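Numbering (my numbering), first residue to last: 463 to 799.
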Amino acid sequence: MAVTILAIESSCDDTSVAVVRDGFVLSNLTAGQDIHRAYGGVVPELASRAHQANIVPVTDQAIKRAGVSIDEIDAVAFTRGPGLLGSLLVGTSFAKGFALTRGIPLIEVNHLQAHVLAHFIKTKNRLAKVPGFPFLCLLVSGGHTRILVLRSHLEMETLGNTIDDAAGEAFDKCGKIMGFPYPAGPLIDELASSGNRKAFSFSKPVVRGLDFSFSGLKTSFLYFLRDRIRDDPRFIENNKADLCASIQHAVVSILVGKLIKASVTTGISDVGIAGGVSANSELRAAVTAEAEKRSWNLFIPDLSYTTDNAAMIGITGYFKYLRGEFAGQDVVPLARY
Ligand code: KG4
Ligand code: ZN
Numbered sequence: 463m464a465v466t467i468l469a470i471e472s473s474c475d476d477t478s479v480a481v482v483r484d485g486f487v488l489s490n491l492t493a494g495q496d497i498h499r500a501y502g503g504v505v506p507e508l509a510s511r512a513h514q515a516n517i518v519p520v521t522d523q524a525i526k527r528a529g530v531s532i533d534e535i536d537a538v539a540f541t542r543g544p545g546l547l548g549s550l551l552v553g554t555s556f557a558k559g560f561a562l563t564r565g566i567p568l569i570e571v572n573h574l575q576a577h578v579l580a581h582f583i584k585t586k587n588r589l590a591k592v593p594g595f596p597f598l599c600l601l602v603s604g605g606h607t608r609i610l611v612l613r614s615h616l617e618m619e620t621l622g623n624t625i626d627d628a629a630g631e632a633f634d635k636c637g638k639i640m641g642f643p644y645p646a647g648p649l650i651d652e653l654a655s656s657g658n659r660k661a662f663s664f665s666k667p668v669v670r671g672l673d674f675s676f677s678g679l680k681t682s683f684l685y686f687l688r689d690r691i692r693d694d695p696r697f698i699e700n701n702k703a704d705l706c707a708s709i710q711h712a713v714v715s716i717l718v719g720k721l722i723k724a725s726v727t728t729g730i731s732d733v734g735i736a737g738g739v740s741a742n743s744e745l746r747a748a749v750t751a752e753a754e755k756r757s758w759n760l761f762i763p764d765l766s767y768t769t770d771n772a773a774m775i776g777i778t779g780y781f782k783y784l785r786g787e788f789a790g791q792d793v794v795p796l797a798r799y
């Protein structure tokens with residue numbers, strides 16, 4: 463019998479709701495929050511208020527677009543964490559209320575695991591090609607930079623983590639320094655396409671093993687600009703594309719370097735990228751080139767499943783449903799999962 467999951471994602475600044483049936487996405491709707499653009503980052507208090515306003519209408523639309531009746535929903539999956547507590551509370555409380563009134567199971571989902579499991583979402587065009595296990599995945603987002611290994615759908619191990627900023631944060635902070643609105647990653651990517659990646663170089667961090675560090679790079683970028691602006695107040699404006707290409711190249715080479723190291727040390731050749739920064743065109747091109755060189759079985763997510771979305775919560779919920787892994791009504795969100 464078909465299993466239909468209603469999935470709720472509210473960990474940061476996107477209110478997303480999906481309906482997933484047997485691993486296929488029937489609908490996946492996201493209400494973003496433009497309000498944060500002016501502040502240079504997500505303002506937690508404003509994020510939770512916006513989730514509160516959006517969650518019911520987005521759910522209503524997601525169910526309608528999926529073309530299912532509310533009676534067909536077998537379980538509710540929701541993001542338990544990690545994320546902003548006020549934001550998580552909205553999705554968690556809504557999911558609990560929905561499950562309770564419908565008399566259906568509740569499934570708690572780890573947001574990071576969901577980003578990786580987005581690779582197992584079935585679409586009409588991608589029925590066959592899903593990663594085999596073990597699956598090595600670089601998860602890069604605004605809040606996280608990790609190298610993870612999935613040993614099965616629900617067994618995940620962290621091999622490397624950032625010791626300070628996340629990769630997306632590095633893009634966003636460097637963008638902020640150049641006066642770009644939040645989130646700056648997509649704009650840096652766009653401007654970089656007409657720039658020279660070798661125009662400027664910044665000091666690269668030396669971090670042992672498979673861990674990452676990006677805060678030194680950001681500081682090096684800041685000091686570099688401060689010095690140049692002293693001589694030429696229009697330096698940023700006159701060199702925007704080259705600055706974007708150079709900083710993007712610095713971030714991408716750190717990421718790809720560690721992913722290669724992880725694949726070599728573990729011997730794993732099913733390799734993927736996930737999370738908001740996996741939308742980056744240089745990163746996508748760089749891992750594609752490495753995959754050819756190293757005979758990786760490479761997995762790059764569709765753009766719609768790179769940034770935060772509820773479809774990935776739905777697919778994770780589906781695997782947990784099959785294992786009967788349900789949460790009680792006393793479950794609470796975890797800012798740090
Ligand atoms: O996964 P995500 O939507 O949210 C978190 O869980 O953090 O990732 C958002 C991050 C932001 O830092 C944003 O600047 C970055 O992903 N991002 C990009 C691109 N698209 C989104 N960074 C670089 N290039 C992009 N094309
Ligand atoms: Zn995320």
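Heads up, the beta-carbon is just placed ideally off N, CA and C, and yes, glycines get one too.
These figures come from a predicted structure and were not determined experimentally.
(request) Please report the Cβ distance between residue 510 and residue 571, rounded to the nearest whole angstrom; I am assuming they are in contact, meaning their Cβ atoms lie under 8 angstroms. (result) So it is not a contact: roughly 19 angstroms between Cβ atoms.
(request) Quickly, what does DSSP pair residue 732 with across the bridge? List them, please. (result) DSSP lists 759 as the beta-bridge partner residues of residue 732.
(request) Leaving aside the five residues before and after residue 614 along the sequence, list all residues of the same chain whose C-beta is less than 8 angstroms from its C-beta, in chain order. (result) Cβ neighbours of residue 614 beyond the five flanking positions: 595.
(request) Look at residue 558 and residue 710 and say whether their C-beta atoms are less than 7 angstroms apart. (result) No.
(request) Quick one: using the 10 Å Cβ neighbour count with 16 as the cut-off for buried, is residue 501 buried or exposed? (result) Classification for residue 501: exposed.
(message) Using only Cβ atoms and a threshold of 5 angstroms, which residues come within that distance of a heavy atom of the ligand ZN? Order them by chain position.
(response) Cβ atoms closer than 5 angstroms to the ligand ZN belong to 603 and 770.
(request) Report buried or exposed for residue 767, applying the criterion of at least 16 other Cβ atoms within 10 angstroms of its Cβ. (result) Per the 10 Å Cβ criterion, buried.
(request) Inspect the beta-carbon positions of residue 772 and residue 471 and report whether they are closer than 7 angstroms. (result) In contact: residue 772 and residue 471 (Cβ atoms closer than 7 angstroms).
(message) Could you pull the DSSP bridge partners for residue 599 from this structure?
(response) Its beta-bridge partners are 610 and 734.
(message) Within 10 Å of its beta-carbon, does residue 473 have 16 or more other beta-carbons around it, so buried, or fewer, so exposed?
(response) With 16 or more Cβ atoms within 10 Å of its Cβ, residue 473 is classed as buried.
(message) For residue 608, which residues in the same chain have their Cβ closer than 6 angstroms to its Cβ, ignoring the five residues on either side in sequence?
(response) Answer for residue 608: 601, 620 and 623, listed in chain order.
(message) Can you list, in chain order, the residues of its chain with a C-beta nearer than 6 angstroms to that of residue 477? Leave out the 5 residues immediately preceding and following it.
(response) Close CB contacts of residue 477 within its chain, under the 6 angstroms cut and outside five residues either way in sequence, are with 493, 513, 516, 517 and 520 (chain order).
(message) Could you compute how far the alpha carbon of residue 483 sits from the alpha carbon of residue 765?
(response) Between residue 483 and residue 765, the alpha-carbon positions lie close to 21 angstroms from each other.
(request) With a 10 Å radius around its C-beta and 16 neighbouring C-beta atoms as the bar for buried, classify residue 694 as buried or exposed. (result) Residue 694 should be labelled exposed.
(message) Would residue 636 and residue 674 be called neighbours here (beta carbons separated by less than 7 angstroms)?
(response) No; because the gap between Cβ atoms is not below 7 angstroms, this pair is not in contact.
(request) For residue 720, count neighbouring C-beta atoms within 10 Å of its own C-beta (all shown protein chains included) and say buried if the count is 16 or more, exposed if not. (result) For residue 720, the number of other beta carbons within 10 angstroms of its own is at least 16, and it is reported as buried.
(message) Here's the rule I'm using: 16 or more other beta-carbon atoms within 10 Å means buried, otherwise exposed. How should residue 463 be labelled?
(response) By the 10 Å Cβ count, residue 463 comes out exposed.
(request) Let me know if residue 670 comes out buried or exposed under the rule of 16 or more other beta-carbons within 10 Å of its beta-carbon. (result) Classification of residue 670: exposed, given that the 10 Å Cβ count is below 16.
(request) May I ask you to check if the CB of residue 645 is nearer than 6 angstroms to at least one heavy atom of the ligand MN? (result) Within the structure as shown, the ligand MN is missing, the only ligands being the ligand KG4 and the ligand ZN.
(request) State yes or no: is the C-beta of residue 634 nearer than 6 angstroms to some heavy atom of the ligand KG4? (result) Yes, the beta carbon of residue 634 sits closer than 6 angstroms to at least one heavy atom of the ligand KG4.
(message) Since residue 612 and residue 633 should fall inside the 8 angstroms C-beta cutoff, what is the C-beta to C-beta distance between them, to a whole number of angstroms?
(response) In this structure residue 612 is not in contact with residue 633, their Cβ atoms being roughly 26 angstroms apart against a cut-off of 8 angstroms.
(message) Tell me the DSSP secondary structure of residue 774 in three-state form.
(response) Of the three classes helix, strand and coil, the one that applies to residue 774 here is helix, per DSSP.
(message) Beta-carbon within less than 6 angstroms of residue 737's beta-carbon, same chain only, minus the 5 sequence neighbours each way: which residues are those?
(response) Excluding residues within five positions, the ones whose Cβ falls inside 6 angstroms are 577, 601, 602 and 603.
(request) Could you spell out where the alpha helix (DSSP H) holding residue 509 opens and where it closes? (result) Residue 509 -> alpha helix (DSSP H) spans 506 to 528.
(request) Measuring alpha carbon to alpha carbon, tell me which of 481, 627 and 653 ends up nearest residue 703. (result) Looking from the CA of residue 703, the closest CA among 481, 627 and 653 belongs to 653.
(request) Out of 748, 491, 733 and 545, state which residue places its alpha-carbon closest to the alpha-carbon of residue 522. (result) Among 748, 491, 733 and 545, the Cα nearest to that of residue 522 belongs to 491.
(request) In the DSSP assignment, find the unbroken alpha helix (DSSP H) run with residue 466 in it and report its ends. (result) No alpha helix (DSSP H) holds residue 466; the beta strand (DSSP E) holding it covers 466 to 471.
(request) Check residue 635 in the structure and name its three-state DSSP category. (result) Reduced to three states, the DSSP call for residue 635 is helix.
(message) Spatial neighbours of residue 549 within its chain, please: C-beta separation below 8 angstroms, excluding the five flanking residues on both sides.
(response) Taken in chain order, the residues that qualify are 472, 473, 474, 475, 506, 509, 510 and 513.
(request) Please confirm whether residue 657 and residue 707 have their CB atoms less than 7 angstroms apart. (result) It is a contact, given that the beta carbons lie within the stated cut-off.
(message) Using a Cβ-Cβ distance cut-off of 7 angstroms, determine whether residue 781 contacts chain B.
(response) Within the model displayed, chain B is absent; a lone protein chain is all it includes.
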